[in-house]
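Everything below concerns the one structure shown next.
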Amino acid sequence: MEDKRSIFFRYRKIIFAVVLFMVADAVVIGINFYNTFKADESAVSINLSGRQRMMSQRMTKALLTMDRSLEAGDEEGLKISLKELTLTARRFDRTLMGFRDGAMVTGGDDNPTYLTQVETDESRKFVADAYEIWNPYMKLLKPLMNSDRESFLDEAFKKKLGDPKKLEEVKNKFKAEEVFTDEEFKAKLEHVDNFPEKFQAELKAAVAFALEKNPTHGEPQNNRAILKLMNALTTDLEHVASNRAATLRIVLIVGILFALVNFGYTVVISIRDLIRSDQELAEARNETVEILTTVREGLFLLDKDKKIGTQFSKSLPDILKRDIVPGADFLPHLEAIAPRNIYETAMDYIELLLGDRVKESLVTSLNPLTNVPVLVTDPRNNTQTRYLSFFFNRVVTEGRISHLLVTVQDVTDRVVLTQQVEQAKNQAKVEVETLLRLASSDFDALQHLVSSVGESLSQINEKMSAPNDDARDRLHTLNYVMRIVHGIKGEAAVLGIDVLESYAHECEKEMVAMREEDSFSGNQMLRVAVLLEGFYQRHSSLAQIVSRLGNALGKTQTTGGTAEWVPQKHPFEDHITALAHRIATDHGKQVEVSCQFERFFSLPKTTEKELQDISIQLVRNALTHGIEAPDKRVERNKPRTGALSLWCEYLGHGQYTFTVRDDGCGIVPERLREHFVKKQFMSVEEASALSDHEIANRLFQPGVSTAEIADQDSGHGIGLDAVLEKVKEMGGHMLVKSRPDQFTEFNIQFSTVQVH
Amino acid sequence: MNGINERDIHIFVDAVSNFFFHVTEEKVEIKTAYLLENDVPSATYDLTSYITLSGNFTGRIYFSAPRSMLTHLLLIMGEQVRDNDRLLDTVGEIANTISGNARKHFGETMEISVPISQETEPDWLKTVVSPHSYIILVKWKQYRASVVVDIQRAGQT
Chain A
1 MEDKRSIFFR YRKIIFAVVL FMVADAVVIG INFYNTFKAD ESAVSINLSG
51 RQRMMSQRMT KALLTMDRSL EAGDEEGLKI SLKELTLTAR RFDRTLMGFR
101 DGAMVTGGDD NPTYLTQVET DESRKFVADA YEIWNPYMKL LKPLMNSDRE
151 SFLDEAFKKK LGDPKKLEEV KNKFKAEEVF TDEEFKAKLE HVDNFPEKFQ
201 AELKAAVAFA LEKNPTHGEP QNNRAILKLM NALTTDLEHV ASNRAATLRI
251 VLIVGILFAL VNFGYTVVIS IRDLIRSDQE LAEARNETVE ILTTVREGLF
301 LLDKDKKIGT QFSKSLPDIL KRDIVPGADF LPHLEAIAPR NIYETAMDYI
351 ELLLGDRVKE SLVTSLNPLT NVPVLVTDPR NNTQTRYLSF FFNRVVTEGR
401 ISHLLVTVQD VTDRVVLTQQ VEQAKNQAKV EVETLLRLAS SDFDALQHLV
451 SSVGESLSQI NEKMSAPNDD ARDRLHTLNY VMRIVHGIKG EAAVLGIDVL
501 ESYAHECEKE MVAMREEDSF SGNQMLRVAV LLEGFYQRHS SLAQIVSRLG
551 NALGKTQTTG GTAEWVPQKH PFEDHITALA HRIATDHGKQ VEVSCQFERF
601 FSLPKTTEKE LQDISIQLVR NALTHGIEAP DKRVERNKPR TGALSLWCEY
651 LGHGQYTFTV RDDGCGIVPE RLREHFVKKQ FMSVEEASAL SDHEIANRLF
701 QPGVSTAEIA DQDSGHGIGL DAVLEKVKEM GGHMLVKSRP DQFTEFNIQF
751 STVQVH
Chain B
1 MNGINERDIH IFVDAVSNFF FHVTEEKVEI KTAYLLENDV PSATYDLTSY
51 ITLSGNFTGR IYFSAPRSML THLLLIMGEQ VRDNDRLLDT VGEIANTISG
101 NARKHFGETM EISVPISQET EPDWLKTVVS PHSYIILVKW KQYRASVVVD
151 IQRAGQT
């Protein structure tokens, strides 16, 4: 409505000019029509006025001819003249009446026509003057016209038409000529006496009047006076007609001039408006182009068919890193860069915004396209992850949603910064928590952990520094890194150092994902290096905290060599027991742990550490895969609480055995086959072809796990292969015993005596 | 803690890769990446060029390559002169490409020095500022070269 009003306001001058033009046209046409009508009337009046002149003369001529015919006894001439007199006198009378009052008269073409009364005072005076002569004249003529008939008939009857039949013919003829009616004829037949004399007298009187001098009008005869008046009337009527024609000309000229002026005005206004509109349009276009070329955000309009508008900001293709064609479909571009689930949600969201059913403000918070990680490829074919945010605003035209205005921002820097801030905050929080935990922990064990993790990280870095030319070697390196990281996770878990344990877990997850990618390239090695750097950061923070704590406690850092004290109970017993209870709780299980680690004191430090790492992994395995949930154990007629035992025995001659045993579900080859097939580690045929021994051995391959869901304790397939690797590094060997639904036992035999 | 991420590091490596691709239509390939540490091979080669950054990031980016690799590159480029100075110019050009990419990625606020090219000194890596600088080993044809990213975000320690 507002728009319509503004359109009328904007073009009000042109509209006014057009309306004025139409009104003026209508007026001119009206005047023209009126004048034309009047010209018709004038033509009739002038014509009949002219005829009056002629009639007056014909009338007088007929009168004089009658007079002469009567004297000469020319009955035929008398008859013709009488007829002429009657015709002319009647028409003259009727026409004069028309000039005076307006009346139907016989026109020039003998057809009836309406004669309007004269309009000017002069004409009215001429008519009035004519009546002054005509009235007495007509009075004299009327009996003459009647007596003519009687006299004529009388003469015809008496002298020529003795035959009644002849009389009938004459009667019919005059009747046909409308000279008189049947009744008149009869009546006149009865009065035939003395008429010739009377007729003659009346005729003489009429002639005398016609030729009588008229002093009023300065004419020698009334006849001439009538002629003069009719002449004057004709002239006046012509003058009126001429005036009217002049008026019409003036009206037409004024009308045409007005129309020209109006046209000129309209043209000037239109051109001025057009030029102004063009200028405004050009300015608007220039502004739009400037905005679209300057704005850093991607801006474009999206229509109901989800097509990109014909204009969009110059930065849009750069932000999306895609060639954008005006009018192109938006969704394929979005699909190509956005994750699948976000793309699908976004489609629904856009559809919702294009519909009229929901308010824009209500759904804005549902926008799935904020901080979207997208994979973009730059012109140099480098793929990178960037974060984009799309904002949608409805464009409403005449109360209906016509488009969506889409704003795209590259928010990568902001997101990365936010992530870094978040990471820093988390790290600070973790560090505080760690500090609190450390304060209550065994300080020597902490020192040992710092030293051990530092060594592990160096081992990883050294391994990675060797360039690998083929993917298999790189994968081998990755598996190596994963095993060490797994070990760090276990060590950290024992002391409850979340900052290391959770980071190790994150790294494991990422590396598992890398391992499952089609090809393991050098780019992934760079990613591993970045993860390693993260480890170093955390290790460095931990080392600093431990160092400060040591200073506070008045202790110095040990080099990880010999222990300064020999307690009866090895401290690792408490650590591993705590870890076992935590894992059991996390998995809804119950466990009772028994340990005998006194022999650890007599082992070299490296061996002791290897055994601790192995213990951690086997305890994780026992609690995630072996020991059942309490209800399940009851079903199998076992105590609700599982039993987990770890012990180290000296066999003499430097020979040791280390055993981890649980009373869980055991290793069941058939179940393993089903699981491996289900997890697509192998086909049904391959699983069937393997012996029970071979299928159990698969548990020691990298990447194989029997957990259904990966979590912090299991599921990444890093466990038993790492244990086997460590046993090999110790120069020992491992035996596995198991009975379905009864127990599993890992028995490691090793020697502390160097064999050369 | 140097405050840089994988994306940042890729900017520098991609610059080297694009240089080789532009000249020889053959990209360099990352063979491995690790962190600079004692007792770990430092992976330096005959000639080294570096640029120094200041602003949001501080530190240096090094590109180090063997003479044989640079000579091969000059052969492909159709260069007649392949003496030591020309080889130093070439390694400097590669560092300059890194500089261009860095400016584009990190913005105009970053100040970057002109490349300084020299024959690699035995203990050059002792000048590093970052606790654990990244060493990225790349391969072009049969040659190996290294990109060393020794920078840290301003405010990081």
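Residue numbers (the working numbering), protein chains in the order written: chain A, 1 to 756; chain B, 1 to 157. Glycine included, C-beta positions come from ideal geometry on N, C-alpha and C. These numbers come from a predicted model, not from an experiment.
Any chain B beta carbon closer than 8 Å to residue i
| i | result |
| --- | --- |
| A/Ser-691 | no |
| A/Tyr-536 | yes |
| A/Glu-598 | no |
| A/Ser-532 | With the sequence shown as reference, residue 532 of chain A is identified as Leu, and Ser is not the correct amino acid for it. At least one chain B Cβ lies under 8 Å of A/Leu-532. |
| A/Ser-458 | yes |
| A/Ser-688 | no |
| A/Met-525 | yes |
| A/Pro-664 | The sequence shown places Gly at residue 664 of chain A, rather than the Pro named in the question. A/Gly-664 does not count as touching chain B. |
| A/Asn-286 | no |
| A/Val-763 | Residue 763 of chain A lies beyond the stretch modelled for chain A, which goes from 1 to 756, so this question has no answer here. |
| A/Ala-529 | yes |
| A/Gly-522 | yes |
| A/Val-566 | Only weak support exists for where A/Val-566 lies, its pLDDT of 42 falling under 50; the coordinates are left without a value. |
| A/Val-406 | no |
| A/Pro-317 | no |
| A/Ala-563 | Legend: pLDDT at A/Ala-563 = 36, less than 50; position of this residue unreliable, no value from coordinates given. |
| A/Asp-469 | yes |
| A/Ser-465 | yes |
Residues that residue i bridges to, as DSSP identifies them
| i | result |
| --- | --- |
| B/Phe-20 | According to DSSP, B/Phe-20 bridges with nothing at all. |
| B/Phe-57 | B/Arg-153 |
| A/Asp-410 | A/Leu-388 |
| B/Tyr-170 | In the structure as shown, chain B starts at 1 and stops at 157, and residue 170 of chain B therefore has no counterpart that could be examined. |
| A/Pro-776 | Any answer about residue 776 of chain A is impossible in this case: the structure gives chain A only from 1 up to 756. |
| A/Ser-594 | A/Ser-645 |
| A/Asp-329 | A/Lys-307 |
Beta strand (DSSP E) segment containing residue i, residue limits
| i | result |
| --- | --- |
| A/Met-482 | Careful: A/Met-482 lies outside any beta strand (DSSP E), inside the alpha helix (DSSP H) at 471 to 495. |
| A/Asn-747 | 743 to 751 |
| A/His-733 | 733 to 739 |
| B/Ile-116 | 116 to 119 |
| A/Leu-777 | Not covered by the structure: residue 777 of chain A. The range shown for chain A is 1 to 756. |
| A/Ile-308 | 308 to 312 |
| B/Leu-35 | 29 to 35 |
N-terminal and C-terminal residue of the alpha helix (DSSP H) that residue i is part of
| i | result |
| --- | --- |
| A/Thr-659 | Counting along the chain, A/Thr-659 falls outside any alpha helix (DSSP H), though it belongs to the beta strand (DSSP E) covering 655 to 662. |
| A/Ala-513 | 498 to 515 |
| A/Val-295 | No alpha helix (DSSP H) contains A/Val-295, which DSSP labels as neither H nor E. |
| A/Leu-720 | 719 to 729 |
| A/Glu-119 | Unbroken run through A/Glu-119: none, as it is neither H nor E. |
| A/Tyr-536 | 522 to 553 |
Any chain A beta carbon closer than 8 Å to residue i
| i | result |
| --- | --- |
| B/Glu-111 | no |
| B/Thr-157 | Residue placement at B/Thr-157 cannot be trusted, given a pLDDT of 48 that sits under 50; the coordinates are not used to answer. |
| B/Leu-137 | yes |
| B/Met-1 | With a pLDDT of 49 at B/Met-1, under the threshold of 50, the modelled position of that residue is not reliable, and the figure given next carries that caveat. At least one chain A Cβ lies under 8 Å of B/Met-1. |
| B/Tyr-34 | yes |
| B/His-105 | no |
| B/Glu-6 | yes |
| B/Ile-94 | no |
| B/Ile-9 | yes |
| B/Glu-26 | no |
**Message:** Pairs of beta-carbons, one from the region 202 to 215 of chain A and one from the region 132 to 147 of chain A, closer than 8 Å: are there three or more?
**Reply:** yes
Stretch-stretch touch, CB-based, cutoff 8 Å, three pairs: the region 50 to 61 of chain A with the region 217 to 231 of chain A: yes
Practice item. Return the chain-ordered ranges of every beta strand (DSSP E) run that is complete within the region 57 to 111 of chain A and spans a minimum of 3 residues. Key: 103 to 106
- Is there contact here, the region 473 to 488 of chain A with the region 49 to 56 of chain B, by at least three beta-carbon pairs under 8 Å? no
Contact between the region 486 to 498 of chain A and the region 727 to 743 of chain A (3+ Cβ pairs under 8 Å): no
I'd like the ranges of any beta strand (DSSP E) spanning at least 3 consecutive residues and lying wholly in the region 5 to 36 of chain A. none
Query raised in the report: Is the region 325 to 342 of chain A touching the region 353 to 363 of chain A in the sense that three or more CB pairs, one from each, lie closer than 8 Å?
Result: no
Quiz item: At a cut of 8 Å, does the region 56 to 75 of chain B reach the region 135 to 148 of chain B through at least three beta carbon pairs?
Solution: yes
Go through the region 211 to 242 of chain A residue by residue and report every complete run of the beta strand (DSSP E) that reaches 3 residues or more, in order. none
Handout entry: Stretch-stretch touch, CB-based, cutoff 8 Å, three pairs: the region 545 to 554 of chain A with the region 440 to 460 of chain A
Key = yes
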